[in-house]
Amino acid sequence: MKTHILELENVSHTYDKEMVLKNISFSIEEASFSVLLGLNGAGKSTIFSLLTRLLNLQSGSIKINGYTIQNYSKALKDIGIVFQEPTLDLDLTVRQNLYYYGALKGLSFKETIASIKDELTNLDLDEKLDTKVQKLNGGHRRRVEIVRSLINKPKLLLLDEATVGLDLKSRFDILDYLRRKVQKGELSVLWITHLFDEVQESDTLAIIHKGKILQTGKVEAIIAEHNQADLTQTFRYLTRENPDA
Amino acid sequence: MRNYFYCAQGIIYKELLRFLKEKSRFFSALVRPLLWLFIFSAGFTSALGLAIIPPYESYITYETYIVPGLVGMILLFNGMQSSLTMIIDKEMGSMKILLTSYINRNFLLFCKMFATAIVSTIQAITFLIVAYLYGVELSITGVLLTIPVILFTSIILNAFALFISSVIKQLENFAAIMNFVIFPMFFLSSALYPLWKIKDSSLFLYTVCSFNPFTYIVESIRFTLYLKYDLSTFYIIFFYFIVALSLAFMGYKSKKVLKKS
């Protein structure tokens with residue numbers, strides 16, 4: 001039986017008296033590719049911020065790799081994070097950015113490069129190590145951020161709208177790369193997105209709408225359960241059924 | 246412990262890289278106090294007569310008097326520059342990288358302040374060397390002993406700056422900080438004139454200066470530079486160190502980070 005790498009239970013969150021998350025519960029299994037799908041403003045980024053401790057948990061519980069988020073030194077140790085907005089220092093080289101991030105994960109400079117040697121080769125970045133980030137195109141910058149998030153060999157990778165602004169090829173290159181890693185059992189992924197074409201039938205899905213989880217499960221099972229043609233129609237059906245979710 | 250060491254190393258490494266890449270920042274940080282030393286003090290030497298006051302044992306030139314204040318100016322402006330960088334980092338998102346590390350957030354913030362303090366200290370020592378070459382009376386022992394004091398007091402100013410960066414919502418508000426924090430902090434201190442002179446003019450201003458942490462920062466640098474010490478100043482400095490760190494740490498508590506970004 002697979003164990004859960006991430007568990008959210010009855011998580012609610014309020015911003016300035018407005019409840020943006022309402023009793024959210026879902027979990028993701030080890031070595032799975034899970035997608036949190038929802039429209040803009042559904043509460044995806046709030047969940048992401050709670051998982052990464054950018055926001056304090058107000059109610060409910062979050063467990064990562066068996067540790068509660070309050071025990072952040074253990075809970076966050078084995079996760080990798082890719083933010084929606086670019087977070088690389090443009091004035092530094094790829095290598096310098098990676099050194100800095102590795103250090104924040106408690107790794108020496110030598111250990112940092114050693115830990116991502118294969119990743120750099122697989123994503124065609126080993127030639128660009130000494131290039132300034134500002135000279136890289138958007139796709140390469142994103143790849144650097146993906147590689148960076150893998151520095152500490154995370155068990156769970158959290159990505160918040162990681163492909164926003166990229167062309168189709170770059171988007172699917174990144175997705176394919178991560179899916180291959182999941183298939184090899186190297187990590188679990190929580191892919192947060194509003195883009196329906198990024199979801200595959202084999203993925204585990206959690207649909208979020210207006211701060212509530214409407215449905216969780218395998219994509220194909222969810223579509224079949226509601227007797228719809230595809231995911232887009234299923235999503236429309238579910239949000240129509242739950243207009244004030 | 247090993248993890249914490251590498252983490253500190255990485256933060257200092259990045260700050261030093263930024264410092265080396267922004268040479269104009271280094272020179273502009275030096276030009277400001279040097280202008281005061283070469284021009285302002287030349288004009289005021291004859292206007293402001295100075296009595297013998299501790300730590301000095303004889304009459305001194307005005308240039309000699311303002312050097313510790315100008316060292317403080319470097320630390321103050323560098324701290325605020327670092328605060329500006331933090332606001333940009335917050336707007337750009339790179340601040341999140343720092344704050345989502347599994348390593349204790351207060352430790353990360355302290356490393357950030359310490360890294361900025363190292364850069365400030367390099368600039369302050371360079372300024373002292375130029376001041377010495379200009380003819381200001383300084384001893385090598387005094388300058389060497391001042392290094393830890395500069396480092397320590399710089400952390401206090403960086404912590405205040407960090408706190409300010411946590412409460413500023415937009416970069417545009419930074420100009421207001423210049424007017425409402427940096428200038429009052431600098432002018433309402435003993436950096437440019439001894440407190441007894443201010444007391445002669447206005448008891449109210451003197452009282453304000455007496456509560457200004459920058460006054461004690463300048464005085465601690467002044468005393469150490471001339472191989473004297475005033476224990477009460479160091480107690481007060483230590484008190485402000487605790488206050489400033491607490492404010493900085495509170496400013497970056499989890500729930501406050503994202504509201505502004």
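So the sequences go chain by chain: A and B. Each residue of the first sequence is one higher than the one before, starting from 1 at the first, in my numbering. Each residue of the second sequence is one higher than the one before, starting from 246 at the first, in my numbering. Every residue gets a Cβ at the ideal spot worked out from N, C-alpha and C, and that includes glycine.
Neighbour flag for residue i against chain B, beta carbons, 8 angstroms
i	result
A/Phe83	yes
A/Met19	no
A/Tyr67	no
A/Arg53	yes
A/Thr87	yes
A/Ala162	no
A/Gly165	no
A/Arg236	no
A/Gly41	no
A/Ala103	yes
A/Leu92	yes
Within 8 angstroms, strictly: CB atoms of residue i and residue j
i	j	result
B/Ile256	B/Ala420	no
B/Phe322	B/Arg263	no
A/Thr131	A/Val94	yes
B/Tyr379	B/Leu282	yes
B/Ala362	B/Ile400	yes
B/Lys341	A/Thr87	yes
A/Val35	A/Ala162	no
B/Leu315	B/Phe372	yes
A/Ile69	A/Ile79	no
B/Tyr461	B/Tyr485	yes
A/Lys181	A/Leu187	yes
B/Thr391	B/Ile482	no
CB contact check: residue i to chain A, cutoff 8 angstroms
i	result
B/Leu450	no
B/Lys266	yes
B/Ile256	yes
B/Leu407	no
B/Ile342	yes
B/Ile348	yes
B/Val259	The identity of residue 259 of chain B in the sequence shown is Lys, whereas the question assumes Val. Yes, because at least one Cβ of chain A sits closer than 8 angstroms to the Cβ of B/Lys259.
B/Thr330	no
Backbone CA spacing between residue i and residue j [nearest angstrom]
i	j	result
B/Leu320	B/Ala406	11 angstroms
B/Leu416	A/Met19	29 angstroms
B/Gly324	B/Val412	15 angstroms
A/Leu98	B/Met331	20 angstroms
A/Leu158	A/Phe235	23 angstroms
A/Leu214	B/Gly338	30 angstroms
A/Leu104	A/Lys77	10 angstroms
B/Ala376	B/Cys356	30 angstroms
B/Thr478	B/Ile367	24 angstroms
B/Ala287	B/Lys268	28 angstroms
A/Ala229	A/Leu54	38 angstroms
A/Tyr15	B/Leu354	25 angstroms
B/Arg247	A/Tyr101	15 angstroms
B/Val488	B/Leu470	25 angstroms
B/Met430	B/Leu450	12 angstroms
B/Phe192	B/Phe459	Outside the shown range of chain B (246 to 506) lies residue 192 of chain B, about which nothing can therefore be said.
A/Thr193	A/Ala206	11 angstroms
B/Leu437	B/Ile311	6 angstroms
A/Val246	A/Thr3	The shown model of chain A, from 1 to 245, leaves out residue 246 of chain A, and the question about it has no answer.
B/Ile385	A/Leu51	53 angstroms
B/Phe352	A/Asn137	34 angstroms
A/Gly139	B/Ala274	37 angstroms
A/Glu145	B/Glu260	20 angstroms
Identity of the residue in the options nearest residue i by Cα
i	options	result
A/Arg179	A/Thr204, A/Tyr72, A/Ile222	A/Thr204
A/Glu9	A/Leu187, A/Leu168, A/Thr163, A/Gly66	A/Gly66
B/Met358	B/Phe432, B/Met246, B/Glu382, B/Gln254	B/Gln254
A/Ile116	A/Ser32, A/Lys135, A/Arg143, A/Ser188	A/Arg143
A/Phe33	A/Gln134, A/Leu156, A/Gln70	A/Leu156
Run of the beta strand (DSSP E) containing residue i, from where it starts to where it stops
i	result
B/Tyr485	No beta strand (DSSP E) contains B/Tyr485, which is instead part of the alpha helix (DSSP H) from 476–496.
A/Gly80	79–82
A/Lys63	59–64
A/Ile192	188–193
A/Leu19	Reading off the sequence shown, one finds Met at residue 19 of chain A, where the question assumed Leu. Where A/Met19 is concerned, the enclosing beta strand (DSSP E) stretches over 18–29.
A/Ala42	Counting along the chain, A/Ala42 falls outside any beta strand (DSSP E), and DSSP gives it neither H nor E.
A/Ile213	212–218
A/Tyr15	4–15
A/Asp197	Neither: A/Asp197 is in no beta strand (DSSP E) and is coded neither H nor E.
A/Asp160	156–160
A/Ile249	The structure shown does not extend to residue 249 of chain A, since chain A is modelled only from 1 to 245, so the question has no answer here.
A/Ser34	33–37
Limits of the unbroken alpha helix (DSSP H) element including residue i
i	result
B/Tyr307	307–337
A/His140	138–149
A/Asn97	94–104
B/Asp445	440–446
B/Thr345	Per DSSP, B/Thr345 belongs to no alpha helix (DSSP H) and is neither H nor E.
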